[in-house]
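Colleague: So the sequence shown is residues 19 to 218, counted in this note's numbering. C-beta atoms are modelled at their ideal positions from N, C-alpha and C, and glycine is treated no differently. A quick note: this is a predicted structure, and the numbers were derived from the prediction, not measured.
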Amino acid sequence: MPLLDGKSAALLTKTEAALIRETAPAKLRALSPARLRTKVARARKLRDKYASLARRQKGEAKGTVAPRGQRRAEGSANTTKKAEIFTAALARVEGEITRRDEAAKKAAAKSAKSAAKKKTKAAPKKKAKAAKKGAKTAAKKKATGKKKATGKKPPAFAAANEAALPKRALLQKAKSGLQRSGGHMAGRNRRNQARRDARG
Numbered sequence: 019m020p021l022l023d024g025k026s027a028a029l030l031t032k033t034e035a036a037l038i039r040e041t042a043p044a045k046l047r048a049l050s051p052a053r054l055r056t057k058v059a060r061a062r063k064l065r066d067k068y069a070s071l072a073r074r075q076k077g078e079a080k081g082t083v084a085p086r087g088q089r090r091a092e093g094s095a096n097t098t099k100k101a102e103i104f105t106a107a108l109a110r111v112e113g114e115i116t117r118r119d120e121a122a123k124k125a126a127a128k129s130a131k132s133a134a135k136k137k138t139k140a141a142p143k144k145k146a147k148a149a150k151k152g153a154k155t156a157a158k159k160k161a162t163g164k165k166k167a168t169g170k171k172p173p174a175f176a177a178a179n180e181a182a183l184p185k186r187a188l189l190q191k192a193k194s195g196l197q198r199s200g201g202h203m204a205g206r207n208r209r210n211q212a213r214r215d216a217r218g
């Protein structure tokens, strides 16, 4: 359905009729936000102009308002019709702005919800990764501790063991050494005596 029929278009100037046609929903969707604001301003200005004029004409016709010119206005039907045309045009432009605002809010809410969902999914993974890393570190420390525990004993261990022997055991060890030394000396003396006897 056209926004202007022949009778309505006849009431407007060419510029005004062009403005009304530019407020068709399909054309408004193609406009930038700045152009939409311009359309709103123009439609509101013309709506206010014709609404104010219609009230004055109505008052002049009733005799409650003094006429501006030499002749009193006989009615305000055409002017009221113009005001209605621009009121409808203004509503269409403002409706498009509202539609865009709501679409932007929905997109922002959807984006925020998606980001929150990703964050919620990532949190358990992060905790599991940290726990796995902690377990790995603990296992590594445990292995290092075992390695140290099973390593070579320090060189002082033998001396410490000997110092820890009972006194009686140490005396027996010393005695056995003296016995081996005395036996060696006795055998040597016997061999020397045998050589002397053989020369005599």
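Do alanine 42 and leucine 22 count as a contact pair if the criterion is CB distance below 8 Å?
Modeller: For this step, residue 22 is matched to residue 4 along the sequence shown. For this step, residue 42 is matched to residue 24 along the sequence shown. No, Cβ-Cβ distance for leucine 22 and alanine 42 is not below 8 Å.
Colleague: Taking only three categories from DSSP, how would you classify threonine 156?
Modeller: To locate residue 156, count along the sequence shown from 1; it is residue 138. Correcting the residue identity first, residue 156 is alanine in this sequence and not threonine. Helix, per DSSP.
Colleague: Kindly indicate which residue of Pro51, Lys99, Arg214 and Lys67 has the alpha-carbon position closest to the one of alanine 122.
Modeller: For the purposes of this step, residue 122 is taken as the residue at position 104 of the sequence shown. Cα-wise, what sits closest to alanine 122 is Pro51.
Colleague: Our contact map puts leucine 30 next to alanine 61 with C-beta atoms below 8 Å; I'd like the distance itself, whole angstroms only.
Modeller: The residue given as residue 30 occupies position 12 in the sequence shown. The residue given as residue 61 occupies position 43 in the sequence shown. 12 Å between Cβ atoms; not a contact.
Colleague: For phenylalanine 175, which residues of its own chain have a beta-carbon under 7 Å away from its beta-carbon, when the five flanking residues on both sides are left out?
Modeller: Locating residue 175 in the sequence shown gives position 157, counting from the first residue. With a pLDDT of only 47 at phenylalanine 175, under 50, the local geometry of the prediction cannot be trusted, and the value read off the model is given with reservation. If we look at phenylalanine 175 and ignore the five residues flanking it on each side, it has no Cβ neighbours.
Colleague: Checking 8 Å against the spacing of the C-beta atoms, do threonine 97 and leucine 71 come in under that value?
Modeller: Position 79 of the sequence shown, counting from 1, holds the residue named residue 97. Position 53 of the sequence shown, counting from 1, holds the residue named residue 71. Cβ distance < 8 Å, so threonine 97 and leucine 71 count as in contact.
Colleague: For valine 58, does the three-state DSSP call read helix, strand or coil?
Modeller: The count along the sequence shown starts at 1 and reaches residue 58 at position 40. Of the three classes helix, strand and coil, the one that applies to valine 58 here is helix, per DSSP.
Colleague: With DSSP run on the structure shown, which of helix, strand or coil describes glycine 87?
Modeller: Indexing the sequence shown from 1 puts residue 87 at position 69. Of the three classes helix, strand and coil, the one that applies to glycine 87 here is coil, per DSSP.
Colleague: Where lysine 158 and lysine 135 are concerned, what is the direct C-alpha to C-alpha distance, given to the nearest angstrom?
Modeller: The residue you call residue 158 lines up with position 140 of the sequence shown. The residue you call residue 135 lines up with position 117 of the sequence shown. Lysine 158 and lysine 135: Cα-Cα distance of roughly 35 Å.
Colleague: Starting from proline 20 and walking both ways along the alpha helix (DSSP H), at which residues does that stretch end?
Modeller: Sequence index remark: in the sequence shown, residue 20 carries index 2 (1-based). Run containing proline 20: none; DSSP gives neither H nor E here.
Colleague: Along the chain, where does the alpha helix (DSSP H) that runs through alanine 35 open and close?
Modeller: Mapped onto the sequence shown, residue 35 falls at position 17. That run of the alpha helix (DSSP H) goes 32 to 40.
Colleague: Whole angstroms are fine: how far does the CA of arginine 74 sit from the CA of alanine 59?
Modeller: Looking up residue 59 in the sequence shown gives position 41. Looking up residue 74 in the sequence shown gives position 56. Each residue's alpha carbon lies about 23 Å from the other.
Colleague: Can the beta-carbon of valine 111 be found closer than 8 Å to that of leucine 64?
Modeller: Residue 111 sits at position 93 when you count from the first residue of the sequence shown. Residue 64 sits at position 46 when you count from the first residue of the sequence shown. Cβ atoms of valine 111 and leucine 64: not closer than 8 Å.
Colleague: I'd like the list of long-range same chain contacts for tyrosine 68, defined as Cβ closer than 6 Å, with 5 residues on each side in sequence excluded.
Modeller: By one-based count along the sequence shown, residue 68 stands at place 50. Result list for tyrosine 68: Thr97, Lys100 and Ala101, in chain order.
Colleague: Does the beta-carbon of alanine 91 have 16 or more other beta-carbons within 10 angstroms, so that it is buried, or is it exposed?
Modeller: For this step, residue 91 is matched to residue 73 along the sequence shown. Per the 10 Å Cβ criterion, buried.
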